[in-house]
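For reference, the structure is listed below as structure tokens.
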Amino acid sequence: MSHLSFQDAVEHKCRYLPQGRYTGHLAVIPDRFVTFMVFLFLTPLICCMTFTQALMVCGYLSSVITTVEKRFGLKSSETGFIVSSFDLGNLSVVVFVSYFGGRGHRPRWIAAGGILISLGALLFSAPHFIAPHYRPVQAKDPSVPTHLLCPRTGSVTLPPSPASYLAIFVMAQVLVGIGSTPIYTLGSTYLDDNVKTENSSLYLAILYVMGALGPAVGYLMGSWFVSCYVHPNEEGTLTQLDPGFVGNWWSGFLLCAVAILIFSLPILTFPRSLRLSAAHQPKVTDGDQTRDFGDLTSHLFNKNKKVYSMGNDLPRAALHICSNFTFLFVSLAYTAEIAIVTAFITFIPKFLELQFSVSASHANFYTGIIVVPSASIGLLTGGYVIKRLKLSAVGASKLATICCAISLLPFVGLGLLGCNGINLAGVTKPYASGPSLVEGLKSSCNSHCICPSNLYEPVCGSDGLTYVNPCLAGCSAVFTSLTMFVARSMTCFRIRSCTSTFGPAMRMSSMITTAPSMPSIIWSIIL
22 MSHLSFQDAV EHKCRYLPQG RYTGHLAVIP DRFVTFMVFL FLTPLICCMT
72 FTQALMVCGY LSSVITTVEK RFGLKSSETG FIVSSFDLGN LSVVVFVSYF
122 GGRGHRPRWI AAGGILISLG ALLFSAPHFI APHYRPVQAK DPSVPTHLLC
172 PRTGSVTLPP SPASYLAIFV MAQVLVGIGS TPIYTLGSTY LDDNVKTENS
222 SLYLAILYVM GALGPAVGYL MGSWFVSCYV HPNEEGTLTQ LDPGFVGNWW
272 SGFLLCAVAI LIFSLPILTF PRSLRLSAAH QPKVTDGDQT RDFGDLTSHL
322 FNKNKKVYSM GNDLPRAALH ICSNFTFLFV SLAYTAEIAI VTAFITFIPK
372 FLELQFSVSA SHANFYTGII VVPSASIGLL TGGYVIKRLK LSAVGASKLA
422 TICCAISLLP FVGLGLLGCN GINLAGVTKP YASGPSLVEG LKSSCNSHCI
472 CPSNLYEPVC GSDGLTYVNP CLAGCSAVFT SLTMFVARSM TCFRIRSCTS
522 TFGPAMRMSS MITTAPSMPS IIWSIIL
């Protein structure tokens with residue numbers, strides 16, 4: 022920026038008028054009206070943006086990540102990378118946004134961030150519209166089981182590679198991460214600068230509480246959406262516990278995109294500053310108010326030139342911060358805590374689904390009503406203890422260390438709880454008829470079959486193994502009735518028949534679930 026316009030000079034002059042504050046449109050307004058604007062417009066808009074962003078990123082995404090994984094055939098490592106992409110986008114611009122955004126027009130930076138979040142949310146839902154129409158294979162349909170059997174000739178139609186969808190999800194998360202940066206780094210400071218000092222803590226507390234409530238509502242919203250079928254205009258016959266059921270994961274992102282866009286656009290109309298804090302307000306006299314605007318413009322130009330030249334000192338400032346060992350160790354401790362918390366809240370719904378055979382909807386519901394509010398209670402309790410005991414910085418550090426050490430004990434015990442793992446042939450256990458081949462799911466007993474390895478319709482054999490689908494178990498014949506689906510001519514174990522539902526006395530039956538649907542131990546896990 023080489024010079025300042027006349028309007029910029031007028032804006033700076035009007036900010037120091039003793040009877041009011043500049044609104045951004047070459048006019049002054051009383052302080053009471055500034056307070057009214059902050060209370061009625063600025064605070065609700067920033068709080069709603071923070072709430073919706075936390076709802077989508079920390080709650081809703083975690084609640085639908087297992088559904089996205091199932092729908093597009095992604096691995097847990099890939100969905101974990103999708104979640105981490107938010108932090109990649111955030112970290113890539115946080116220094117730039119904090120440094121230059123804090124010296125620029127903060128409302129425009131905040132609004133631009135909201136627009137980027139909205140675009141990222143729209144992009145995240147895009148794979149639903151560009152992917153082939155989802156049509157699950159239903160094992161209980163008498164006209165379908167033959168497609169699950171072992172064909173000796175023919176070919177298997179494979180779905181498109183998930184790599185392209187993974188790239189879209191990652192780019193969307195990066196956009197959301199970039200857009201979230203000004204909300205947290207500039208939103209709180211802009212709000213703090215435009216309220217009275219005695220009210221600052223109250224407004225910031227409201228802002229942080231809204232951010233803490235967002236994930237809880239996100240889990241509850243995700244619980245409802247994933248209980249609905251992925252295509253709202255189709256009435257699916259599958260239940261939520263059916264392996265082929267996919268919930269409506271994408272609608273929530275569209276809803277969040279629209280909401281954040283609505284909250285972002287009004288913030289564009291706010292001025293650079295409604296008020297300046299008393300610590301930064303120079304004493305103004307009548308003589309100063311009649312000062313020549315030429316002198317004022319020259320003063321502002323020199324000051325502005327100095328501000329933008331400070332960009333050269335950014336590496337020196339970063340080096341100075343890194344030499345502060347107290348700051349470094351606190352940052353490392355916070356990083357370790359966030360790593361545990363992020364991994365826990367992201368994958369605890371999947372853990373509940375796999376270990377206790379609960380639906381994605383129920384897993385998200387349990388997480389939303391217990392896990393996330395517990396964090397809010399912990400924050401409030403910690404703040405009360407620090408205030409009650411009047412702890413210093415050292416005392417607060419000791420309290421945090423003790424609490425972290427205690428919280429590690431349940432995480433250690435978490436590994437001792439849960440149901441027995443599934444003995445999945447070719448995945449966790451070798452085939453009983455011989456060692457698994459290089460492909461994993463293929464063995465000597467089904468090497469003559471052309472089977473879809475991505476189709477999960479599990480059947481269990483008398484050998485104690487669960488097979489991914491009847492074809493991989495070597496089934497070449499089928500018998501159906503109103504209550505059961507019986508596959509015959511199994512080549513991967515001795516007894517040559519199995520069933521995929523509960524039926525009358527059979528020599529061997531196949532059950533889709535391997536753990537109780539809702540054991541009491543699940544509450545121990547959640548608590």
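Numbering (the working numbering), first residue to last: 22 to 548. Using N, Cα and C, we set each Cβ at its ideal position, and we do this for glycine too.
Rounded to the nearest angstrom, what separates residue i and residue j at their Cα positions?
{"i": "Cys492", "j": "Cys472", "result": "6 Å"}
{"i": "Leu349", "j": "Pro451", "result": "48 Å"}
{"i": "Ala494", "j": "Lys96", "result": "23 Å"}
{"i": "Leu340", "j": "Ser352", "result": "15 Å"}
{"i": "Asn345", "j": "Phe117", "result": "21 Å"}
{"i": "Gly239", "j": "Cys470", "result": "44 Å"}
{"i": "Leu66", "j": "Phe284", "result": "6 Å"}
{"i": "Ile227", "j": "Phe432", "result": "31 Å"}
{"i": "Leu410", "j": "Gly416", "result": "9 Å"}
{"i": "Leu429", "j": "Ile423", "result": "10 Å"}
{"i": "Gly447", "j": "Ser380", "result": "25 Å"}
{"i": "Thr260", "j": "Gly122", "result": "50 Å"}
{"i": "Leu593", "j": "Lys217", "result": "A query on residue 593 cannot be resolved here, the shown segment of the chain reaching from 22 to 548 and no further."}
{"i": "Ala133", "j": "Ile407", "result": "37 Å"}
{"i": "Phe377", "j": "Gly399", "result": "27 Å"}
{"i": "Arg293", "j": "Gln194", "result": "29 Å"}
{"i": "Ile288", "j": "Ala278", "result": "16 Å"}
Under the rule that 16 or more other beta-carbon atoms within 10 Å means buried, what is residue i, buried or exposed?
{"i": "Asn254", "result": "exposed"}
{"i": "Val191", "result": "buried"}
{"i": "Val104", "result": "buried"}
{"i": "Pro479", "result": "buried"}
{"i": "Tyr405", "result": "exposed"}
{"i": "Asn490", "result": "buried"}
{"i": "Glu374", "result": "buried"}
{"i": "Val362", "result": "exposed"}
{"i": "Gly389", "result": "buried"}
{"i": "Ile342", "result": "exposed"}
{"i": "Cys425", "result": "exposed"}
{"i": "Pro153", "result": "exposed"}
{"i": "Thr290", "result": "exposed"}
{"i": "Thr178", "result": "Unreliable placement is indicated for Thr178, whose pLDDT of 49 sits below 50; the coordinate value is still reported in the next sentence. With fewer than 16 other Cβ atoms within 10 Å, it is exposed."}
{"i": "Tyr355", "result": "exposed"}
{"i": "Arg92", "result": "buried"}
{"i": "Leu207", "result": "buried"}
With which residues is residue i paired in a DSSP beta bridge?
{"i": "Leu445", "result": "Thr487"}
{"i": "Cys481", "result": "Thr487"}
{"i": "Lys450", "result": "Ala446"}
{"i": "Gly268", "result": "Tyr250"}
In its own chain, which residues sit with a C-beta less than 7 Å from the C-beta of residue i, not counting the 5 before and 5 after it?
{"i": "Ile138", "result": "Gln74, Val197, Gly200, Ser201 and Ile281"}
{"i": "Asn444", "result": "Lys450, Gly485, Leu486 and Thr487"}
{"i": "Ser221", "result": "Asp213"}
{"i": "Ser272", "result": "Phe246"}
{"i": "Met231", "result": "Cys68, Thr71 and Phe72"}
{"i": "Asp108", "result": "Gly198"}
Ordered along the chain, which non-local residues of its own chain (more than five positions away) have a Cβ less than 6 Å from that of residue i?
{"i": "Val89", "result": "Trp270"}
{"i": "Tyr148", "result": "Correcting the residue type first, residue 148 is Pro in the shown sequence and not Tyr. Cβ within range, chain order: Tyr186 and Ile189."}
{"i": "Cys69", "result": "Phe284"}
{"i": "Ser244", "result": "Ser382, Asn385 and Phe386"}
{"i": "His46", "result": "Reliability fails at His46, whose pLDDT of 41 lies under 50, so the model's placement of it is uncertain and the value that follows must be treated cautiously. Excluding positions up to five away in sequence, the list is empty."}
{"i": "Pro157", "result": "Gly265"}
{"i": "Leu241", "result": "Gly389"}
For residue i, which residues in the same chain have their Cβ closer than 8 Å to its Cβ, ignoring the five residues on either side in sequence?
{"i": "Gly274", "result": "It is worth fixing the name first, because residue 274 is Phe in this sequence and not Gly. Closer than 8 Å at the Cβ level, and outside the excluded window around Phe274, lie Met77, Tyr81, Ala142, Leu143, Phe145 and Ser146."}
{"i": "Ala237", "result": "Gly80, Gly389, Ile390, Val393, Pro394 and Ser397"}
{"i": "Gly268", "result": "Val85, Thr88, Phe246, Val247, Ser248, Cys249, Tyr250, Val251, Gln261, Ala381 and Ser382"}
{"i": "Leu225", "result": "Ser209, Leu212 and Asp213"}
{"i": "Leu420", "result": "Gly403, Val406, Ile407 and Leu412"}
Is the Cβ of residue i closer than 8 Å to any Cβ of chain D?
{"i": "Thr367", "result": "Going by chain labels, chain D is absent from the structure shown, which holds only one protein chain."}
Segment contact, 8 Å Cβ cut-off, at least three pairs: the segment 380-400 with the segment 119-129 = Judged by Cβ distances under 8 Å, the segment 380-400 makes no contact with the segment 119-129, as fewer than three pairs qualify.
query = Using 8 Å as the Cβ pair cut-off and three pairs as the minimum, do the segment 380-390 and the segment 106-113 touch?
reply = Result no; under three Cβ-Cβ pairs closer than 8 Å.
request  = Count the CB pairs spanning the segment 361-373 and the segment 78-89 that are closer than 8 Å, and state whether there are at least three.
outcome  = The segment 361-373 vs the segment 78-89: in contact.
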